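85 is the number of the first residue of the first sequence in the working numbering; add one for each residue after it.
The C-beta atom is built at its ideal place from N, Cα and C for all residues, glycine as well.
Keep in mind it's a predicted model, so treat the numbers as computed, not measured.
What follows is a single structure, written as structure tokens, with notes after it.
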Amino acid sequence: MQYSKEIDKKWQKFWSKEKLFAADIKEKKSKYYCLVMFPYPSSELHVGHARNYVIGDAVARYKLMQGHNVLSPMGWDAFGLPAENQAIKHKVHPKEWTLKNIKRIKEQLDSWGIGYDWAREVTTCHPNYYKWTQWIFLQLYKKGLAYRKEAAVNWCSSCKTVLANEQVINGECERCSTEVEQKKLEQWFFKITDYADRLLEDLTLLEEWPERVCTMQKNWIGKSSGVEMDFEVQDSSLKIKCFTTRVDTIFGATFVALSAEYPHLEELIKDAPNKDEIISFIDKVKSKSVSVRTLETFEKEGIFSSKYAINPMTGEKIPIWIANYILMEYGTGAIMCVPAHDKRDFEFATKYNLGITEVIQSASGSRTPQTPDEVYEGEGVMVNSKEFNGLNSEEGKEKIAAYMKKKGIGEKKVNFKLRDWLISRQRYWGAPIPIIYCNKCGEVPVPEKNLPVILPEAVKFLPTGQSPLLHIDKFLNVSCPKCKGKARRETDTMDTFVDSSWYYLRYISAHQKKVPFVGKDVNNWLPVDQYIGGVEHAILHLMYSRFINKFLKDLGWISFSEPFQRLFTQGMIVKDGAKMSKSKGNVVAPDYIIDKYGADTMRLYILFMGPPQKDAEWQDEGLQGCWRFIQRAARLIDMLSEYKEEQPEKELNEHEKIVLRKIHSTIKEVTADLEGNFQFNTAISRVMELVNQTHKSLAEGILRKSIFKEAVSTVFVLLAPFTPHISEEVNALLGNKQSIFRKKWPQFKEQYLHQEEVEIGVLVNGKLREKLKINVNWERSEIETKALSLEKVKNILKDKKPKNVVYIPKRIVNIVA
RNA sequence: GCGGACGUGGCGGAAUUGGCAGACGCGCAAGAUUUAGGAUCUUGUCCUGAAAGGGGUGGGAGUUCAACUCUCCCCGUCCGCACCA
Numbered sequence: 085m086q087y088s089k090e091i092d093k094k095w096q097k098f099w100s101k102e103k104l105f106a107a108d109i110k111e112k113k114s115k116y117y118c119l120v121m122f123p124y125p126s127s128e129l130h131v132g133h134a135r136n137y138v139i140g141d142a143v144a145r146y147k148l149m150q151g152h153n154v155l156s157p158m159g160w161d162a163f164g165l166p167a168e169n170q171a172i173k174h175k176v177h178p179k180e181w182t183l184k185n186i187k188r189i190k191e192q193l194d195s196w197g198i199g200y201d202w203a204r205e206v207t208t209c210h211p212n213y214y215k216w217t218q219w220i221f222l223q224l225y226k227k228g229l230a231y232r233k234e235a236a237v238n239w240c241s242s243c244k245t246v247l248a249n250e251q252v253i254n255g256e257c258e259r260c261s262t263e264v265e266q267k268k269l270e271q272w273f274f275k276i277t278d279y280a281d282r283l284l285e286d287l288t289l290l291e292e293w294p295e296r297v298c299t300m301q302k303n304w305i306g307k308s309s310g311v312e313m314d315f316e317v318q319d320s321s322l323k324i325k326c327f328t329t330r331v332d333t334i335f336g337a338t339f340v341a342l343s344a345e346y347p348h349l350e351e352l353i354k355d356a357p358n359k360d361e362i363i364s365f366i367d368k369v370k371s372k373s374v375s376v377r378t379l380e381t382f383e384k385e386g387i388f389s390s391k392y393a394i395n396p397m398t399g400e401k402i403p404i405w406i407a408n409y410i411l412m413e414y415g416t417g418a419i420m421c422v423p424a425h426d427k428r429d430f431e432f433a434t435k436y437n438l439g440i441t442e443v444i445q446s447a448s449g450s451r452t453p454q455t456p457d458e459v460y461e462g463e464g465v466m467v468n469s470k471e472f473n474g475l476n477s478e479e480g481k482e483k484i485a486a487y488m489k490k491k492g493i494g495e496k497k498v499n500f501k502l503r504d505w506l507i508s509r510q511r512y513w514g515a516p517i518p519i520i521y522c523n524k525c526g527e528v529p530v531p532e533k534n535l536p537v538i539l540p541e542a543v544k545f546l547p548t549g550q551s552p553l554l555h556i557d558k559f560l561n562v563s564c565p566k567c568k569g570k571a572r573r574e575t576d577t578m579d580t581f582v583d584s585s586w587y588y589l590r591y592i593s594a595h596q597k598k599v600p601f602v603g604k605d606v607n608n609w610l611p612v613d614q615y616i617g618g619v620e621h622a623i624l625h626l627m628y629s630r631f632i633n634k635f636l637k638d639l640g641w642i643s644f645s646e647p648f649q650r651l652f653t654q655g656m657i658v659k660d661g662a663k664m665s666k667s668k669g670n671v672v673a674p675d676y677i678i679d680k681y682g683a684d685t686m687r688l689y690i691l692f693m694g695p696p697q698k699d700a701e702w703q704d705e706g707l708q709g710c711w712r713f714i715q716r717a718a719r720l721i722d723m724l725s726e727y728k729e730e731q732p733e734k735e736l737n738e739h740e741k742i743v744l745r746k747i748h749s750t751i752k753e754v755t756a757d758l759e760g761n762f763q764f765n766t767a768i769s770r771v772m773e774l775v776n777q778t779h780k781s782l783a784e785g786i787l788r789k790s791i792f793k794e795a796v797s798t799v800f801v802l803l804a805p806f807t808p809h810i811s812e813e814v815n816a817l818l819g820n821k822q823s824i825f826r827k828k829w830p831q832f833k834e835q836y837l838h839q840e841e842v843e844i845g846v847l848v849n850g851k852l853r854e855k856l857k858i859n860v861n862w863e864r865s866e867i868e869t870k871a872l873s874l875e876k877v878k879n880i881l882k883d884k885k886p887k888n889v890v891y892i893p894k895r896i897v898n899i900v901a
């Protein structure tokens, strides 16, 4: 038999008729929720995308064969900017474009034999989905977790539009190359910072997540504990709040630096002789977007504010500077500067001739730094710190914090890098934010019964950069839900990460009209047992989903605190050393492969090419190898059907023993590979060995038909999660009426693994010299004697007695001379 | 700069977790079969050497009977974060 694409179609039809992947949600016994990150349907899929779905399908099918009740759903992250850009460029409606892509991708997935429960398909741009995205917004709003504030956006003055970060190329607008400015706009935020501590703490629950993803999330949350304290300003009623994690260095604080956005700057500099100069400096700094400000080459600059602050511990007056390297977004926008123990402060202090006082002594006896490299930033023993001298940093931090608290100067404080989630998008193709602005009542949420706020479809797409919603009267002008007076609808739409932060819940109750999901079902089926996707979502998508999940739990809608039990992040497939992209022209399109080699060949190669969590280079020759292997394996079934059985001996012959042992060790190892971290590549290589062994044994000796048949059957059962089509075909040829996926995953039998004779390595001084066949029942002394009597060993030892002999059972004998 | 991962043949990668380095596949070479093949089947393939032997997992040290695996230093690649006070 030859494997070919015709076989694919036959079994794809069969599975869909059989409803192989239709999950029974009401039956929670041995449930297994296998979730693959749903795609953004921007164009057809290439082999890089395919890896994700092939892995997911292999897992789902494997679990199915283990008798699990498997749920493997699929959907579409269907809102987003690219659709809108396409609309403007090619005059296609985003909806039309998106649905067309969905149709195409669905065909692709089907042609690869990826099995999904399509009855649960979810599309985020459908009103029956985004109704509930809006509902979630309203719940957050009710709890005060959705709020509006001014925030800076990237603004192109020529296009009169907001730009997403990816639309800013080298600080310029991607469309017209105008330099991008900062502009403040009223924007909607989700208060994810309220959950910062829990998002951090619960990372410890995620034992089955890749370590690096947890680390990335941890860094992103960026918790740091320190002290927030007041610096009084001389000749002023102002106080400057500073946050520091190193309060033990406060005696070395020789100046204070403020961000250009610091709220009270105007007051601070009102009497400065060079006020104009200062203002122009501030304006200069502010005009630069944050992305420019954080460039590596960015030079530290500042200006003296003309005012002095009082160091609360020393009582000394220290100058207040305004500096371009202080971030308003973190801490208080003001810091105390300790040039002796902070490189950045040192750089600044040397540039502007500010004082440098050493207050921490390193173990190796540091001195006041002369160059940035000499700045000691570690912990140590406090010096020049009055009554705190001699304490180590750790104690110092505690004692000074206690002292400050007592004196009312400052208090312990925890800070996070995590910032609230900006969800407003000044875009058309997204879920409308369900808010109405009334002239009288102000900001009014759309009542739940009026959801969804439908996104109007009859709109024009012009390259103005403005949301088309601004020109739809019917959408824009509404009456206030409270007072029925004149009101205006919010025209911003939601970030697509909001859509994707809860889709895994909707799959459970995809068709519910009255609720976003049925709590009972969701609680039975979640958390997701296995989540699979790209590492590019390690931070945002996974953080937002965790946040929304926790929020819904707080509302009592769900009972679990983390949505994804186990996470697997697959590596990229690269071609010619680079990520596949149309512009580079290195995209490997699957259609051609499917047509020539069939789906199983592509699937097998994708899984065989390397460890799935690592990046891998696509090689057409590797694909050919998999094709050859499948044919080589498929040939076994022909050989079997033509096999003339001779009257078998009563006892198993050597060849039969070897094949039986190979069958069962393969079952054992493949199962272990799949139970581990999805080591598909080694699992497949082991099946290849079994095929090789079977061919070899048939050529060299006689097998009774039952063992031959068991070998063939095992090969294709073990391959079934990877190459489902050919496996079904062989399964049918072997006379089975039922799908191979209704068959139980095989169990290995210990009795066949047993080996009478094994070959061990004989080493002298740790170096392999000889091999020795031993019987497993031999005593250790017998083996040692045999090893010592080997010619080569004797030659090396001469007549001397070995100093020591180490024996590791069934592995090696190491003779120490 | 900080944090993390990694470094094994011509290539993709294995190595039971400290126990015979290079499984499996690709590529290559020789042979067989074939009208022919980019099909199939044998055999070989870490380097060096005619062989015996010697060397070998980025480099250097160390622990150990034994190190790809553990420890320290250095070099390199990739990823993430990046003036976070």
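Which same chain residues, not among the five before or five after residue i, have their C-beta less than 7 angstroms away from its C-beta?
| i | result |
| --- | --- |
| P211 | P536 and I538 |
| P647 | Y588, L610, P611, V612, S629, R630 and N633 |
| Q223 | L639 |
| W272 | A230, R232, I507, S508, I517 and D576 |
| L881 | A901 |
| E380 | Residue confidence is low: E380 scores 45 on pLDDT, short of 50, so the model does not pin down where it sits. Its coordinate-derived value is still stated next. Here the set comprises nothing. |
Where does residue i fall in DSSP's three states?
| i | result |
| --- | --- |
| L349 | helix |
| M313 | strand |
| I892 | strand |
| I614 | Contrary to the premise, residue 614 reads as Gln rather than Ile in this sequence. Of the three classes helix, strand and coil, the one that applies to Q614 here is strand, per DSSP. |
| E380 | Note that E380 scores 45 on pLDDT, short of 50, meaning its location in the model is unreliable; the coordinates nonetheless yield the value given after this. In the structure shown, E380 sits in coil (DSSP, three-state: anything other than H, G, I, E or B). |
| Q654 | strand |
| A280 | helix |
| L269 | strand |
| W304 | helix |
| R509 | strand |
| S477 | helix |
| R572 | strand |
| S390 | strand |
| D92 | helix |
Could you work out which residue in the options is closest to residue i when comparing CA atoms only?
| i | options | result |
| --- | --- | --- |
| E461 | K489, P674 and A424 | A424 |
| M300 | I880, V619, V889 and G669 | V619 |
| Q596 | K187, E90 and W216 | W216 |
| K112 | K604, A337 and T750 | K604 |
| D141 | E705, L129, S371 and V154 | V154 |
Excluding the 5 residues flanking residue i on each side, which residues of the same chain have their C-beta closer than 6 angstroms to its C-beta?
| i | result |
| --- | --- |
| T766 | D757 |
| P540 | I556 and F559 |
| S100 | none |
| A622 | V297 and M300 |
For residue i, which residues of its own chain have a beta-carbon under 8 angstroms away from its beta-carbon, when the five flanking residues on both sides are left out?
| i | result |
| --- | --- |
| D152 | In the sequence as presented, Asp is not what sits at residue 152; that position holds His. Excluding sequence neighbours, H152 sits near S114, K115 and Y116. |
| message | Extract the residue ranges of the beta strand (DSSP E) inside the region 181-256, only unbroken runs of 3 or more that lie entirely within it. | response | 230-240 and 245-247
*asked:* In chain order, what are the residue ranges of uninterrupted alpha helix (DSSP H) at least 4 long that sit wholly in the region 776-854?
replied: 789-803, 808-817 and 834-837
Original post:
Curious, which full-length alpha helix (DSSP H) runs of at least 4 residues does the region 530-563 contain?
Top reply: 557-560
Problem set entry | Start-end ranges of the alpha helix (DSSP H) lying completely within the region 116-150, minimum 4 residues | Listed in chain order, the complete alpha helix (DSSP H) runs (minimum 4 residues) inside the region 116-150 are 131-149.
Counting beta carbon pairs with one atom in the region 791-811 and one in the region 677-687, are three or more of them shorter than 8 angstroms? The region 791-811 and the region 677-687 touch, with three or more beta-carbon pairs separated by less than 8 angstroms.
Check: Is the region 590-608 touching the region 193-212 in the sense that three or more CB pairs, one from each, lie closer than 8 angstroms?
Finding: yes
At which residue ranges does the region 718-746 contain complete beta strand (DSSP E) runs of 3 or more residues, listed in the order of the chain?
Complete beta strand (DSSP E) runs here, min 3: none at all.
Q | Inside the region 640-687 only - alpha helix (DSSP H) runs reaching at least 4 residues | A | 674-681
| message | Counting beta carbon pairs with one atom in the region 813-828 and one in the region 842-860, are three or more of them shorter than 8 angstroms? | response | no
Looking at C-beta atoms only, is the number of pairs between the region 413-430 and the region 516-530 that lie closer than 8 angstroms three or more? no
query: Any contact of the region 187-206 with the region 158-171, i.e. 3+ C-beta pairs under 8 angstroms?
result: yes
**Request:** Say whether the region 316-326 touches the region 284-296, bearing in mind that this needs 3 or more beta-carbon pairs closer than 8 angstroms, one atom from each stretch.
**Result:** no
With a cut-off of 8 angstroms, do at least 3 Cβ pairs link the region 835-843 to the region 710-728?
-> no
**Prompt:** Three or more beta-carbon pairs under 8 angstroms between the region 333-341 and the region 400-413, yes or no?
**Reply:** Touching, per the Cβ criterion.
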